[in-house]
Amino acid sequence: MADVSQPEIRAAYEDVRDDKSDTNWLVIKYESARSDTLKLLATGTGGLEELRTSEHLGEADIAYAYVRVTYSNDKESKREKFILVTWIGKDVGGIRKGKVSVHAADVKKVLNSYSIDVAAHEPDDLREEPIVVRLRKVAIVIYSMYGHIGKLAEHVKTGVASAGGSAEIFQIAETLPAEVLTKMGANKPSYPELDPANLVNYDAFLFGVPTRYGNMPAQWKSFWDRTGGLWMQQALHGKYAGVFVTTGTPGGGQEQTVSNLISTLAHHGINYVPLGYHSKAFALLTSFDKPHGGSPWGAGAFAGADGSRQPNEIETGLAEAQGASFYEKVSRVNF
């Protein structure tokens, strides 16, 4: 077990997290090669570039660093996120390496708020550009009562990955009692639930919204009604979002649902990114081979009046096309 109790470590951690402070990194090291006690070694104001070229991360060293990384989506929106670095130099022996996996857990209890952890062995592992790519997170946020939106979400995620990105799928909170859901025959997926406050941890979103009379369902309305604090802070301004939908039938309001959601996005300053007739999407959207949902507004599927119809290959293909198209578009603007 590592001793990370030195008061200076906690103070430096709070300093790095303080956006009014110029300090944006810290390094802690063991008191000696045989010691399990960690101490604050250095802090700095020059970000990752200063840290990775410093003398504090040597080839024979084990160290932990905490860094504030600042990057921009555009001229008006700045992002600040934090990374935890575990440094194991190339010349570190096997016995010393072995204790890192145990001690890293102790370090994370103190330096406990970060977006990603980075394992580094040489200075190039701490180049800013690839780390910022990892920090640019896409969240696929859905509500799915019968699984149709959930199935589309998996294909959207595949599309994002095919374009070189990564995404996590979340669902929003349910508002109906369990007994009501049982009577309705609900078949809800088991994705982790996203608190609206955690939207700030992501730079781009793909929202999966089942249609209720040409609008979002009550569960989605409840979710957005809980974002008033984010709106006051303009915490979502400059982020990006696309939308995919389901309806029971053709003409059930797929485009209208997206249109109505755009009003909410606009109030938060979130940039709406449509699917359009992009690449693979063109052939799918214009296909008459079989009935299918979806439009240039976003991927979509028909569930059938009784919910028994599952998305077909055209609809899942559109979902993958949207995931890929969305990530390609937002990557061009360095989201």
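The sequence shown begins at 835 in the numbering used here and counts up one residue at a time.
Virtual Cβ for every residue (Gly too), placed ideally from N, Cα, C.
Fair warning: this is a prediction, and the values are worked out from it, not measured in the lab.
**At least three beta-carbon pairs within less than 8 Å, the segment 1084-1104 to the segment 1116-1123** = Contact fails: fewer than three Cβ-Cβ distances are below 8 Å.
**Enclosing alpha helix (DSSP H) for GLU893 [first to last residue]** = Per DSSP, GLU893 lies in no alpha helix (DSSP H) segment and is marked neither H nor E.
**Request:** Evaluate contact between the segment 938-949 and the segment 913-927, counting only Cβ atoms and requiring at least three cross-stretch pairs below 8 Å.
**Result:** With the cut-off at 8 Å, the segment 938-949 and the segment 913-927 touch.
**Message:** So for ASN1105, helix, strand or coil by DSSP?
**Reply:** Shown here, ASN1105 sits in a strand according to DSSP, grouped into three states.
**Message:** Taking only three categories from DSSP, how would you classify ALA876?
**Reply:** Strand, per DSSP.
**Asked** Helix, strand or coil: how does DSSP classify TYR1025 here?
**Response** Three-state result, TYR1025: coil.
**Request:** Determine, using beta carbons only, whether THR1091 and MET1050 come nearer to each other than 8 Å.
**Result:** A contact, by the Cβ cut-off of 8 Å.
**Item:** Nearest to GLY1087 (by Cα), restricted to the options SER1159, GLU956, GLY1048
**Value:** Of the candidates SER1159, GLU956, GLY1048, the one whose C-alpha sits nearest the C-alpha of GLY1087 is GLY1048.
**Request:** Measure the Cβ-Cβ separation of HIS955 and ILE922 and say whether it is below 8 Å.
**Result:** In this structure, ILE922 lies closer than 8 Å to HIS955 by Cβ.
**Prompt:** In its own chain, which residues sit with a C-beta less than 7 Å from the C-beta of THR1045, not counting the 5 before and 5 after it?
**Reply:** Once the five neighbours on either side are set aside, the close Cβ partners of THR1045 are VAL1079, THR1080, THR1081, GLY1086, GLY1087, GLN1088, THR1091.
**Prompt:** Starting from TRP1131 and walking both ways along the beta strand (DSSP E), at which residues does that stretch end?
**Reply:** Here TRP1131 belongs to no beta strand (DSSP E), and DSSP marks it neither H nor E.
**Message:** Tell me the rounded alpha-carbon separation between VAL838 and TYR847.
**Reply:** Their backbone Cα atoms lie some 12 Å apart in a straight line.
**Message:** At the level of alpha carbons, what is the spacing between ALA938 and ASP895?
**Reply:** Just so you know, the alpha carbons of ALA938 and ASP895 end up roughly 15 Å apart.
**Request:** Pull up the CB-CB distance for VAL1043 and TYR977, whole angstroms please, since I reckon it's below 8 Å.
**Result:** Correct: roughly 7 Å between the Cβ atoms.
**Asked** At which residues does the alpha helix (DSSP H) containing PRO841 begin and terminate?
**Response** Per DSSP, PRO841 belongs to the alpha helix (DSSP H) from 841-851.
**Message:** Taking 8 Å as the cut-off, does the segment 1017-1033 touch the segment 955-968 (at least 3 CB pairs, one atom from each stretch)?
**Reply:** No: fewer than three Cβ pairs fall under 8 Å.
**Asked** Between THR871 and VAL941, what straight-line distance do the alpha-carbon atoms span, to the nearest angstrom?
**Response** Between THR871 and VAL941, the C-alpha separation is close to 11 Å.
**Request:** Verify whether the separation of the beta carbon atoms of ALA1075 and ALA1038 is less than 8 Å.
**Result:** In contact: ALA1075 and ALA1038 (Cβ atoms closer than 8 Å).
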